[in-house]
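For the protein sequence lines, the chains are D and F, in the order given. Residue numbers for the first sequence follow this note's numbering, so the first one is 6 and each next one is one higher. Residue numbers for the second sequence follow this note's numbering, so the first one is 6 and each next one is one higher. We put the beta carbon where it would ideally sit given N, CA and C, even for glycine.
Protein chains: 2
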Amino acid sequence: MNTARRGRGRPPAGETDDRRSAILAAARTQFAAKGFAGASLRAIAREAGVDPSLISHYFGGKAPLLVATMELPVDPVAKIESVVAGGVEGMAERLVRTFCDAWDPHHEVFSALVRTTIAGDDPQAPMLQLARNVLVSALADTIEGEDVELRATLVAAQLIGMATMRYVVRLDPVATASVDDLARWYAPAIQPLLSSPRFAG
Amino acid sequence: MNTARRGRGRPPAGETDDRRSAILAAARTQFAAKGFAGASLRAIAREAGVDPSLISHYFGGKAPLLVATMELPVDPVAKIESVVAGGVEGMAERLVRTFCDAWDPHHEVFSALVRTTIAGDDPQAPMLQLARNVLVSALADTIEGEDVELRATLVAAQLIGMATMRYVVRLDPVATASVDDLARWYAPAIQPLLSSPRFAG
């Protein structure tokens with residue numbers, strides 16, 4: 006990246022890759038310093054020397070930008086979007102299947118994320134930002150009824166619990182259960198939190 | 006403790022407190038070396054220099070002995086016994102309420118247990134032994150139907166997930182929700198795993 010030619014507020018002269026890299030570097034700095042809520046796209050753009058509109062153009066928003074800084078093998082934003090797009094009916098089953106299909110092949114990465122988050126005491130840890138600003142916010146935007154934030158966060162708790170058993174501490178039979186068996190048993194335990202109480206059993 | 010007068014297989018001459026201490030010390034050594042399944046009451050009794058029957062007399066069995074070695078501010082064996090004693094109906098609500106009432110006042114202890122367990126890579130970690138040999142085994146003994154072990158372990162996953170959100174990473178609104186609100190929303194998400202499929206909605 007040609008930092009020598011980059012000035013405050015001036016777009017870099019480099020290619021798209023350079024600008025993306027500059028934005029990601031600035032985002033990592035800002036998210037680490039100020040957390041997700043505190044970091045502004047404007048400040049990130051200023052530090053990267055690009056126009057703020059370029060961030061939305063490249064990344065689509067602050068949450069996807071956060072996820073991009075993590076260089077994950079899975080795109081949680083796209084995954085959760087595909088889950089909620091189908092509506093509340095059957096959402097729990099799609100959530101369990103999508104989660105396992107995405108993370109089973111990358112269980113070491115998930116495990117490392119959890120270990121780092123739990124070991125530290127950092128409310129801005131990447132895993133927590135992901136849980137709050139990608140998973141919980143997408144669920145809370147979709148489900149209806151009372152206590153939407155609490156219910157969405159409890160669903161995140163269920164997924165974190167299952168993933169901790171399956172990937173981190175590897176407790177059987179959850180560690181080795183088929184995705185079909187997990188979907189069969191865990192989805193009916195998640196769905197009541199997603200369904201609006203009007204429709205709940 | 007008067008170790009000088011203690012010999013292999015011979016009960017110590019000390020008081021009850023001394024024998025209890027000797028059993029706990031031997032149990033810690035054996036559980037650490039061989040894990041819960043590998044450690045035998047006979048070997049613990051031999052190391053402590055007491056008759057094996059004394060262990061059952063003092064502690065009531067291997068699982069309560071394990072819990073006693075942890076010196077927890079909560080007695081999980083008694084708590085889970087009170088929860089399962091009431092039968093499957095309403096068990097999820099009793100589980101959530103009993104769990105929170107027991108651990109809310111000791112959230113730092115729970116948090117420390119989780120951090121130690123997750124940070125390490127020890128399948129014999131106290132928290133995992135507790136989850137497997139106290140919580141999961143009590144639930145699996147009580148619930149009926151198919152895949153009892155998987156369902157019991159998924160319930161443990163739900164509790165670990167909730168406790169991680171509430172005590173460890175302290176993510177709102179789960180961190181600060183009232184026990185009533187948690188019971189209201191989370192119990193209906195746990196009960197489907199406890200109810201026999203015949204009775205499930």
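With a 10 Å radius around its C-beta and 16 neighbouring C-beta atoms as the bar for buried, classify Gly-166/D as buried or exposed.
Flag for Gly-166/D reads buried.
List the whole-angstrom C-beta distance separating Leu-100/D from Val-88/D, where the pair is believed to meet the contact cut-off of C-beta under 8 Å.
So it is a contact: roughly 5 Å between Cβ atoms.
Please return the same chain residues whose Cβ sits closer than 6 Å to the Cβ of Arg-171/D, not counting the five positions on each side in sequence.
These residues qualify, in order along the chain: Val-179 and Ala-180.
My guess is that Ala-161/D and Val-141/D are in contact by the Cβ rule of under 8 Å, so how many angstroms apart are they, rounded?
Their Cβ separation, rounded to whole angstroms, is 5 Å, which keeps Ala-161/D and Val-141/D in contact under 8 Å.
Tell me the rounded alpha-carbon separation between Tyr-63/D and Asn-138/D.
For Tyr-63/D and Asn-138/D, the distance between alpha carbons rounds to 19 Å.
Given a cut-off of 8 Å on the beta-carbon distance, is the pair Ala-97/D and Leu-199/D in contact?
The answer is yes: Cβ separation under 8 Å.
Can you check which of these residues, Gly-95/F, Gly-40/F and Ile-28/F, is closest to Met-132/F by C-alpha distance?
Looking at the Cα atoms, Gly-40/F is the closest of the given residues.
Looking only at C-alpha atoms, which of Thr-158/F, Gln-129/F and Cys-105/F sits nearest to Ala-182/D?
The shortest Cα separation from Ala-182/D among Thr-158/F, Gln-129/F and Cys-105/F belongs to Thr-158/F.
Asp-109/D touches chain F at which residues, Cβ-Cβ below 7 Å?
Chain F residues near Asp-109/D: none, gap ~16 Å exceeds 7 Å.
If we count the other Cβ atoms within 10 Å of its Cβ and call it buried at 16 or more, is Gly-54/F buried or exposed?
Result: buried.
So which of Gln-129/F, Ser-116/F and Gln-196/F has the shortest CA-CA distance to Glu-149/F?
When each option's Cα is compared against that of Glu-149/F, the closest is Gln-196/F.
Return the residue from the list Ile-85/F, Thr-122/F, Ala-68/F and Ala-136/F that minimises the CA-CA distance to Thr-147/F.
Comparing Cα-Cα distances from Thr-147/F to each of Ile-85/F, Thr-122/F, Ala-68/F and Ala-136/F, the minimum goes to Ile-85/F.
Hey, would you say Pro-69/D sits closer than 8 Å to Val-82/D, going by beta carbons?
It is a contact, given that the beta carbons lie within the stated cut-off.
Who are the neighbours of Glu-154/F on chain D, taking C-beta pairs under 7 Å?
Within 7 Å Cβ-Cβ: Pro-178.
Name the residue from Ala-188/F, Asp-152/F, Asp-177/F and Arg-189/F whose alpha carbon lies nearest to the alpha carbon of Arg-189/D.
Per the Cα distances, Asp-152/F.
Does any residue of chain D bring its CB to less than 8 Å from the CB of Thr-34/F?
Chain D, which has no Cβ nearer than 8 Å to the Cβ of Thr-34/F, makes this no.
Which residues, in order along the region 181-203 of chain D, keep a beta-carbon less than 9 Å from a beta-carbon of chain F?
Hits within the stretch, in order: Ala-182, Asp-186, Leu-187, Arg-189, Trp-190, Tyr-191, Pro-193, Ala-194, Ile-195, Gln-196, Pro-197 and Leu-198.
Apart from the five residues just before and just after Ile-60/F, which ones in its own chain have a Cβ nearer than 7 Å to its Cβ?
Contacts found: Ile-28, Leu-46, Ile-49, Ala-50 and Leu-70.
Anything in chain F within Cβ reach of Arg-120/D, meaning under 7 Å, just list it in chain order.
Here the neighbours are Ile-123 and Ala-124.
Can you name the start and end residues of the alpha helix (DSSP H) that Leu-63/D belongs to?
Looking at the sequence shown, residue 63/D is not Leu but Tyr. Start and end: 57-64.
Which residues of chain D have a Cβ atom closer than 8 Å to the Cβ of Thr-169/F, listed in chain order?
Within 8 Å Cβ-Cβ: Ile-123, Ala-162, Ile-165, Gly-166 and Thr-169.
With respect to the alpha helix (DSSP H) encompassing Asp-106/F, which residues constitute its N-terminal and C-terminal limits?
Unbroken alpha helix (DSSP H) run through Asp-106/F: 96-108.
Residues of chain F with CB under 8 Å from Leu-135/D, in chain order?
By Cβ distance, chain F contributes nothing, its closest Cβ being about 11 Å from Leu-135/D, past 8 Å.
Below 8 Å between beta carbons is the criterion; list the residues of the region 66-87 of chain F that meet it against any residue of chain D, in chain order.
Residues: none.
Given that Thr-158/D touches chain A, what residues does it touch there, using C-beta distances under 7 Å?
In the structure shown, chain A cannot be found, because the protein chains are D and F.
If we cut at 8 Å on Cβ distances, does Val-93/F have a partner in chain D?
It does not; no Cβ of chain D falls within 8 Å.
Can you check whether the C-beta of Val-139/F is within less than 8 Å of a C-beta belonging to chain D?
Not an interface residue.
Run the CB neighbour count on Ala-116/F, radius 10 Å, all protein chains shown included, and call it buried at 16 or more, exposed below.
Looking at the sequence itself, residue 116/F is Ser, so the reference to Ala does not match. Burial call: buried.
In angstroms, rounded to a whole number, what distance separates the CA positions of Gly-65/F and Thr-34/D?
So the alpha carbons of these two residues sit roughly 55 Å apart.
Can a CB atom of chain F be found closer than 8 Å to the CB of Val-173/D?
Yes, Val-173/D counts as interfacial toward chain F.
Got a sec? Which residues, its chain only, sit under 8 Å from Val-119/D by beta carbon, not counting five neighbours each side?
Within the same chain, Val-119/D has close Cβ partners Met-132, Ile-165, Ala-168, Thr-169, Tyr-172 and Val-173.
What do you get for Thr-74/D, buried or exposed, if any count of 16 or more other CB atoms within 10 angstroms of its CB means buried?
Burial call: buried.
Taking the straight line between their C-alpha atoms, what separation do you get for His-111/D and Ile-123/F?
Going by the C-alpha atoms only, they are around 18 Å apart.
Taking Asp-186/D and Leu-155/F to be in contact with their CB atoms under 8 Å, please state how far apart those CB atoms are, rounded to whole angstroms.
Rounded, the Cβ-Cβ distance is 6 Å, consistent with contact.
Under 8 Å, do Phe-36/D and Ala-44/D count as touching if we go by C-beta distance?
Cβ atoms of Phe-36/D and Ala-44/D: closer than 8 Å.
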